[in-house]
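Per the working numbering, the sequence shown starts with residue 92, numbered consecutively.
Note that the Cβ used here is the ideal one computed from N, Cα and C, for glycine as well.
Note sheet for the following structure.
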Amino acid sequence: TRHRRCAERWRRPRPRSDVEASKRDPLKRTSQAQAVKDWDAVLSSAPSNVPALIGRAQAKRYLGDLQSALSDYDRALCVETDNASIMANRAQTHLELGLFRQAIKGFAGALAMDPRNAVATNGKALAIRQEQDAPVRTLTLRGFKRVPNDVPFVEQKRAEDIVNDCETYWSTDGKHVLYFCKQESRWKGGVACDFEKIKKGDISCFIAAPPHFNILMPELVKRWQEWDGNEWVKRTRAGVNSLGPLQPPLRTVTLAGFLRSGLNTLYTERRQLNYCVASRETYWSGCERFFLFWCRRELRWKGSCTRHLEKIRAGELSSFMSAPLGVDILAPTGKGWFEFDGSTWITPPGTGVSHVGPEPLQPRTVTLCGFARDILNTRYEERRSPEYLVDARETYFSSDNRLLLFWCAPDNRWKVSSYKTLKQLQAGGLHAYASAPTGADILSPALRKGWYEWKGHTWNYSTRAGVGAIGVDAIGVAV
92 TRHRRCAERW RRPRPRSDVE ASKRDPLKRT SQAQAVKDWD AVLSSAPSNV PALIGRAQAK
152 RYLGDLQSAL SDYDRALCVE TDNASIMANR AQTHLELGLF RQAIKGFAGA LAMDPRNAVA
212 TNGKALAIRQ EQDAPVRTLT LRGFKRVPND VPFVEQKRAE DIVNDCETYW STDGKHVLYF
272 CKQESRWKGG VACDFEKIKK GDISCFIAAP PHFNILMPEL VKRWQEWDGN EWVKRTRAGV
332 NSLGPLQPPL RTVTLAGFLR SGLNTLYTER RQLNYCVASR ETYWSGCERF FLFWCRRELR
392 WKGSCTRHLE KIRAGELSSF MSAPLGVDIL APTGKGWFEF DGSTWITPPG TGVSHVGPEP
452 LQPRTVTLCG FARDILNTRY EERRSPEYLV DARETYFSSD NRLLLFWCAP DNRWKVSSYK
512 TLKQLQAGGL HAYASAPTGA DILSPALRKG WYEWKGHTWN YSTRAGVGAI GVDAIGVAV
């Protein structure tokens with residue numbers, strides 16, 4: 092009996108404190124940030140130093156700056172074109188960005204050079220599976236004359252929709268299609284009636300992205316060109332305006348009542364790292380002049396001009412509209428906002444959130460998979476009520492209410508813990524069973540893997556543990 096009780100205690104996961112584990116965690120955020128600075132110093136005098144480029148790329152990947160890491164791997168490959176290890180790690184970065192087809196191609200290239208490369212072998216199998224499991228993605232364009240603003244383009248991955256080994260994106264009105272032009276290494280947009288010619292190699296189009304930029308890159312690629320009937324016109328602000336999964340859909344917030352009429356418009360969620368503030372999503376107006384962000388210092392949502400994004404990300408409190416203290420931006424009664432009139436903060440009647448979309452506002456869900464402890468491999472549902480918040484952020488509870496996913500601000504990552512530790516977590520505790528990569532978005536269509544799991548006396552890294560699916564609870568209401 093005593094041995095059986097001991098075995099049961101071992102099978103039941105116990106949350107571990109990261110303070111206790113930090114001595115054994117080989118990956119520390121502060122050391123990686125310093126590593127980037129150190130490699131910067133090396134590369135300032137030797138820009139083609141391959142070990143430095145690889146080292147900086149690895150540190151950036153840990154910090155979540157995947158797009159910049161990809162650039163370093165590209166530079167390293169320009170110097171050592173036949174290096175299978177660099178190619179495999181670049182493909183792994185493509186996989187983490189959700190660029191599955193590029194990842195598969197990169198892993199295959201690495202294996203052609205080195206058939207025993209473990210990163211490429213495991214990565215290729217994982218990329219193929221994740222491409223099959225990944226949610227359908229959707230994007231909108233803005234700034235063109237011939238393409239209506241904010242019409243969704245939905246990813247199509249069926250065999251008959253593939254062009255040049257890439258998926259295509261079709262407008263929901265069925266009039267336009269976005270495709271990858273292999274001859275020019277760029278994404279283009281044409282009319283749907285020309286699709287059969289495009290599949291046969293025709294490069295018909297009337298809009299074109301900059302060469303060598305992927306349409307799914309988190310920076311939301313701008314500076315597209317458009318054919319005006321006589322010549323190609325460069326449109327500096329034209330390009331991708333929103334990007335995310337079809338399910339769960341990006342959320343929108345509509346403001347009303349402000350004296351500056353330009354503020355009274357619809358704002359769409361952006362979750363890409365380079366648009367986040369305090370590691371949280373932001374909401375952007377369609378014209379990209381204004382955005383809403385969470386101010387962690389004041390514990391409230393605020394609004395400012397998009398040109399101040401970098402200053403705000405650096406900690407500056409630049410804003411001219413502000414929500415009441417602690418009010419959720421998705422709250423059904425989000426009124427009582429403040430507006431700065433140039434000299435003082437005022438409260439015009441009825442200012443605030445007038446509508447939240449899409450309706451009905453359904454709870455998001457995240458399914459984890461690949462962990463050694465099977466109890467962790469389950470679906471978690473969003474909860475936004477004040478009693479469930481951790482560090483003023485939503486949490487996700489397992490269907491049996493035994494586990495919760497929470498954002499750990501000190502470590503800048505999502506973690507899994509027992510529901511019994513909720514009060515401790517709200518008080519600043521760091522106890523966890525599992526931990527996501529630094530800065531990784533659990534709602535990313537990339538379905539981020541590479542999570543850590545506490546086992547025995549250390550954090551174990553797993554290439555297959557992480558997010559297996561994302562979606563919505565069709566019968567629930569986000570509260």
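Task: Between the CA atoms of Leu516 and Phe488 - distance to the nearest angstrom - done: 14 Å
TODO: On a CA-only basis, which of Asp319, Ser162 and Val254 is nearest Lys576? Give me that one, please.
DONE: As displayed, the chain neither begins before 92 nor continues past 570, which places residue 576 out of reach and without an answer.
- [ ] Tell me the start and end of each unbroken beta strand (DSSP E) in the region 412-456 that is at least 3 residues and wholly inside, in chain order.
- [x] 429-431 and 443-448
- [ ] Please report how far the alpha carbon of Arg314 lies from the alpha carbon of Asn332, in whole angstroms.
- [x] 12 Å
Task: Beta-carbon gap between Glu372 and Glu360 smaller than 7 Å - done: yes
Open item on the list: If you reduce the DSSP assignment to three classes, tell me which class Val238 lands in.
Closed with: coil
Open item on the list: Distance check for Ile145 and Lys248, CA to CA, integer angstroms please.
Closed with: 33 Å
- [ ] Taking 7 Å as the cut-off, decide whether the C-beta atoms of Met312 and Gly330 are in contact.
- [x] For clarity, residue 312 is Val in the given sequence; the question names Met instead. In contact: Val312 and Gly330 (Cβ atoms closer than 7 Å).
TODO: Please say whether Cys296 and Val279 have beta carbons closer to each other than 7 Å?
DONE: Val is not the amino acid found at residue 279; the sequence shown has Lys there. In contact: Lys279 and Cys296 (Cβ atoms closer than 7 Å).
Task: 7 Å Cβ cutoff met for Glu472 and Asp564 - done: yes
- [ ] With DSSP collapsed to three states, give me the class of Val227.
- [x] coil
- [ ] In the DSSP assignment, find the alpha helix (DSSP H) that holds Asn180 and state where it starts and stops.
- [x] Ala175 to Glu187
Task: Contact set for Leu494: own chain, Cβ-Cβ below 8 Å, skip 5 residues either direction - done: Ile466, Leu467, Thr469, Tyr471, Phe488, Val507, Ser508, Ser509, Tyr510 and Tyr524
Open item on the list: Quick check: Ala414 and Trp392, are their CB atoms within less than 7 Å of each other?
Closed with: yes
Task: Under the three-state DSSP convention, the category Asn213 falls into - done: helix
Open item on the list: Please identify the residue among Ser445, Thr486 and Ser490 whose C-alpha is closest to the C-alpha of Cys499.
Closed with: Thr486
Open item on the list: Give me, in chain order, the residues of the same chain whose beta-carbon lies closer than 7 Å to that of Val170; leave out the 5 immediate sequence neighbours on both sides.
Closed with: Ser139 and Val141
TODO: Could you check what DSSP says for Asn365 in three-state terms: helix, strand or coil?
DONE: helix
- [ ] Count the other C-beta atoms from every protein chain shown that fall within 10 angstroms of the C-beta of Cys272, then say buried if there are 16 or more, exposed otherwise.
- [x] buried
- [ ] Could you check the C-alpha separation between Leu346 and Val242 for me, to the nearest Å?
- [x] 21 Å
Task: Own chain, CB closer than 6 Å to Val324, minus 5 neighbours either side, in chain order - done: Glu317
Task: His548 - partner residues in DSSP beta bridges - done: Answer by DSSP bridge pairing: none, since His548 is not bridged.
Task: alpha helix (DSSP H) segment containing Leu144, residue limits - done: Val141 to Leu154
Task: Run of the beta strand (DSSP E) containing Gly280, from where it starts to where it stops - done: Arg277 to Val282
Task: Where Arg391 falls: helix, strand or coil (DSSP) - done: strand
- [ ] State the Cα-Cα distance for the pair Ala283 and Phe244, rounded to the nearest angstrom.
- [x] 12 Å
Task: As assigned by DSSP and simplified to three states, the class of Pro309 - done: coil
TODO: Quick one: using the 10 Å Cβ neighbour count with 16 as the cut-off for buried, is Arg237 buried or exposed?
DONE: exposed
TODO: Could you tell me which residues DSSP pairs with Ile195 in its beta bridges?
DONE: Ile195 is not bridged to any residue.
Task: Coarse secondary structure for Leu513, derived from DSSP in three states - done: helix
- [ ] State buried or exposed for Cys396, treating a residue as buried only when at least 16 other CB atoms are found within 10 Å of its CB.
- [x] exposed
TODO: Mind listing, in chain order, the continuous beta strand (DSSP E) runs of no fewer than 3 residues lying wholly within the region 457-498?
DONE: 470-474 and 486-489
Open item on the list: Let's test the definition: count the other Cβ atoms within 10 Å of the Cβ of Asn180 and tell me whether it reaches 16, buried, or not, exposed.
Closed with: buried
Task: Separation of Ser535 from Ile195, as counted between CA atoms - done: 19 Å
Task: Cβ distance (whole Å) where Leu42 is taken to contact Thr229 below 8 Å - done: Residue coverage of the chain in this structure runs from 92 to 570, which leaves residue 42 outside it and unanswerable.
TODO: Measure the alpha-carbon distance for Phe431 versus Phe497 and round it to whole angstroms.
DONE: 34 Å
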